[in-house]
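In our numbering, the protein residues as written are 903 to 1130.
In what follows, a structure is listed as structure tokens, so that the remarks can point back to it.
Here it is in structure tokens:
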């Protein structure tokens, strides 16, 4: 939903960060979270940098989980996150700024190559990276190549994760964005890190892209099953 009125657009940019914090502190903090595969996160934190990958449907609670759990385990961890350059991503961008994360704006159809190059540079300097594996426009739960290319160029492993809730709202968006309801029971799943060889060719890129997709969808199904 692009906001064409410049005054409303500016107002939205100002309100996005406190809105997210209000929601996360109230709504998300009321949820009961059970974590599976925490050892995979701990392994990645012990050998930083790494690449955190999730599906687009998961992004809002994923941010809260990153702040609550990953930064709690290592508050000094540095993060760089790729966010779409579209106006629709303003709420997400505002939330990330309040997490003191460095942002790279770009997507498959708008500044994606330059954004990936910037991500590669920052990961090589020690920053952990966050990527939405199916991108900003989908198709839903079909992995794009960005995370695999980033891993191949930097040597950082990809840590896949997914979550589900026993009670949630699903937005009428292409990804059916999931937002947990107050007091929901959440099952959050980390999977084994995916190691990608250096400087792989196109055929191998497709192999590892597919492997990431399979792992993320397996975690998604596990999380959904755990919540009944």
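Backbone N, C-alpha and C define an ideal beta-carbon position, used for all residues, glycine too.
### Message
Which residue marks the beginning of the alpha helix (DSSP H) containing residue 1014, and which one marks its end?
### Response
Here residue 1014 refers to the residue found at position 112 of the chain shown. Unbroken alpha helix (DSSP H) run through residue 1014: 1014 to 1026.
### Query
Beta carbon of residue 936, beta carbon of residue 1128: below 9 Å?
Taking the first residue of the chain shown as 1, we reach residue 936 at position 34. Taking the first residue of the chain shown as 1, we reach residue 1128 at position 226. Result yes, Cβ atoms of residue 936 and residue 1128 sit closer than 9 Å.
### Query
Taking DSSP as the reference, what is the three-state secondary structure of residue 936?
Locating residue 936 in the chain shown gives position 34, counting from the first residue. In the structure shown, residue 936 sits in a strand (DSSP, three-state: E or B).
### Task
Tell me, please, which residues DSSP counts as bridged to residue 1092.
As a first step, residue 1092 must be located in the chain shown, where it is residue number 190. Paired residue(s): 1063.
### Bounding residues of the beta strand (DSSP E) (the contiguous stretch that carries residue 1117)
Locating residue 1117 in the chain shown gives position 215, where the first residue counts as 1. Here residue 1117 belongs to no beta strand (DSSP E); instead the alpha helix (DSSP H) covers 1104 to 1128.
### Residues near residue 1069 by beta carbon distance below 6 Å, same chain, minus five either side
On the chain shown, residue 1069 is found 167 positions in, with the first residue counted as 1. Around residue 1069: 1083, 1086.
### Message
Please report the straight-line C-alpha distance between residue 884 and residue 960, rounded to a whole angstrom.
### Response
This structure cannot settle anything about residue 884, because the visible part of the chain is limited to 903 through 1130.
### DSSP three-state assignment for residue 1097, whether helix, strand or coil
Translated into the one-based positions of the chain shown, residue 1097 becomes position 195. If DSSP states are grouped into helix, strand and coil, residue 1097 belongs with coil.
### Message
Along the chain, where does the beta strand (DSSP E) containing residue 1032 start, and where does it finish?
### Response
Walking along the chain shown from the start, residue 1032 turns up at place 130. Residue 1032 -> beta strand (DSSP E) spans 1030 to 1034.
#### Entry: Member of 1104, 1099, 1100, 1090 whose CA lies at the smallest distance from the CA of residue 1120
On the chain shown, position 218 is the one that residue 1120 refers to. If we check each option's Cα against that of residue 1120, 1090 comes out closest.
#### Entry: Inter-stretch contact (C-beta, 8 Å, three-pair minimum) for the stretch 939 to 946 and the stretch 1088 to 1104
yes
### Task
Determine the direct distance from the alpha carbon of residue 1053 to that of residue 1109, and round the result to whole angstroms.
As a working note, residue 1109 is residue 207 in the chain shown. As a working note, residue 1053 is residue 151 in the chain shown. Taking the straight line from one Cα to the other gives about 13 Å.
### Query
Going by alpha carbons, who is nearest to residue 1096 out of 1080, 1117, 1044?
To locate residue 1096, count along the chain shown from 1; it is residue 194. Residue 1096 has its Cα closest to that of 1117, out of 1080, 1117, 1044.
### Task
Kindly indicate the opening and closing residues of the alpha helix (DSSP H) around residue 1049.
Position 147 of the chain shown, counted from the first residue, corresponds to residue 1049. Counting along the chain, the alpha helix (DSSP H) containing residue 1049 begins and ends at 1048 to 1056.
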